[in-house]
Amino acid sequence: MDWKLSLGISAVVVLFIGVSIFVGIYIWTKKYTKKFIEKTQRENIEQLKSIRNDMGILPFELENNFKNKINPYDIEGVINTIFLNSYKTKLIIAKDEEFSFACVSLKTKDQIYYELKEFNFEKYNQVRFEKPEYFPNEILPYNGQNLDFVGVFRSNYGLEEIFEKYYSILNPNGMIMVLLKNYSKRSLNAIIQTLKSKNINYEVSYISSKFLFISKKIEI
Numbered sequence: 039m040d041w042k043l044s045l046g047i048s049a050v051v052v053l054f055i056g057v058s059i060f061v062g063i064y065i066w067t068k069k070y071t072k073k074f075i076e077k078t079q080r081e082n083i084e085q086l087k088s089i090r091n092d093m094g095i096l097p098f099e100l101e102n103n104f105k106n107k108i109n110p111y112d113i114e115g116v117i118n119t120i121f122l123n124s125y126k127t128k129l130i131i132a133k134d135e136e137f138s139f140a141c142v143s144l145k146t147k148d149q150i151y152y153e154l155k156e157f158n159f160e161k162y163n164q165v166r167f168e169k170p171e172y173f174p175n176e177i178l179p180y181n182g183q184n185l186d187f188v189g190v191f192r193s194n195y196g197l198e199e200i201f202e203k204y205y206s207i208l209n210p211n212g213m214i215m216v217l218l219k220n221y222s223k224r225s226l227n228a229i230i231q232t233l234k235s236k237n238i239n240y241e242v243s244y245i246s247s248k249f250l251f252i253s254k255k256i257e258i
C-alpha cells in the first residue's frame with residue numbers, strides 16, 4: 039500500500055475515533071446534566087412542599103380584573119425562587135401585568151415594592167378595594183432601598199438598564215430575575231458580555247419561559 043494512502047487512511051481513522059469520543063462525551067454529559075438537574079428539581083420541590091402548603095395555587099379569579107399574559111408556571115417560578123432563597127425585601131416590576139404582581143404579593147411575605155413608572159397603582163388599588171381578601175399584604179413604592187430580590191415580568195427598561203439600576207443595591211446573595219420573552223437575543227447577548235467582563239454570576243435557564251438570573255454571590 040502506498041505510504042501516503044496509508045497515512046491518509048490512518049488520519050481518517052484517528053479523526054473518526056476523535057469525533058466518536060467527542061460525541062460520546064457530549065451525549066454522556068447531556069444525560070448526566072439532565073439527571074443532575076432533575077435530581078436538583080426534585081429536591082427543590084420537596085423543600086418547597088415543606089415551606090409552602092399552597093404551591094401551584096394562584097388566585098386565578100383575579101384574571102377577571104387583570105389581563106394576564108404571563109404563564110402561571112413562570113409566576114410560580116418567581117414565587118418559588120423567593121421562598122427557596124428566603125428573600126425578604128423584594129421589588130417586582132410587572133408593567134401592565136398586575137396579575138403577576140398580585141400573585142407574588144399574595145403568596146410571599148415581608149416587604150414588597152413596586153416601581154412608580156412601571157405600575158398602574160390606581161387600577162391595582164381599585165381591585166384591591168373590591169377584593170381585599172386577595173391583597174392582605176402592604177405594598178410600597180420603591181425609593182432606593184437595598185433589596186434581596188428584583189423580579190421582572192415586564193418592563194420598559196432594557197436588560198443593561200435593569201442591571202445598572204438594581205445590581206448595586208442588591209444585598210449580599212441577592213438576585214435579579216428577568217423574564218426574557220420581551221427581550222431580543224441581541225440584547226441578551228449584550229448583557230451576557232457585560233456580566234462576563236465584570237465577572238458577575240449569571241445563568242440563563244427555563245421555567246416555562248426563558249429567564250435571566252443575575253446573582254450577587256459573596257464568596258466566604
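Counting in this note's numbering, the sequence shown runs from 39 upward without gaps.
Ideal Cβ positions, reconstructed from N, Cα and C, are used throughout, including at glycine.
Quantities reported herein were computed from a predicted structural model and do not represent experimental measurements.
* **Contact under 9 Å by Cβ, Val165 with Phe157** => no
* For Gly189: DSSP bridge partner residues -> Ile130, Met215
* **Buried versus exposed, by CB contacts within 10 Å (16 or more), Ser193** => buried
* To do: Can you grab the Cα-Cα spacing for the pair Leu178 / Tyr195, in whole Å?
  => 20 Å
* Roughly how many whole angstroms lie between the Cα atoms of Ile95 and Glu114? -> 9 Å
* To do: Decide yes or no for the touch test of the region 206 to 224 against the region 146 to 162: beta carbon pairs closer than 8 Å, at least 3 of them.
  => no
* To do: Can you check DSSP and say which residues form a bridge with Lys239?
  => The sequence as given places Asn at residue 239; Lys does not occur at that position. Partner(s): Ser253.
* Have a look at Leu233 and Asn181 and give me their C-alpha separation to the nearest angstrom. => 25 Å
* To do: To the nearest angstrom, report how far apart Gln231 and Leu197 are at their CA atoms.
  => 12 Å
* To do: Buried or exposed for Asn184, please, with buried defined as at least 16 other CB atoms from any protein chain shown within 10 angstroms of its CB.
  => exposed
* Cβ neighbours of Tyr240 in the same chain (closer than 6 Å, five flanking residues each side left out) -> Leu233, Ile252
* Under a three-way DSSP split, which group does Ile95 fall into? -> coil
* Look up Pro179 in the DSSP assignment and give the residues it is bridged to. => Tyr152
* Flag this pair as touching only if the region 99 to 111 and the region 125 to 142 have three or more C-beta atom pairs under 8 Å; answer yes or no. => yes
* Asked: From Tyr151 to Ile214, what does the alpha carbon distance come to, in whole angstroms?
  -> 14 Å
* Asked: Using a Cβ-Cβ cut-off of 7 Å (strictly less than) and excluding sequence neighbours within five positions of Asp112, which residues of its own chain qualify?
  -> Leu217, Ile245, Ser246, Ser247
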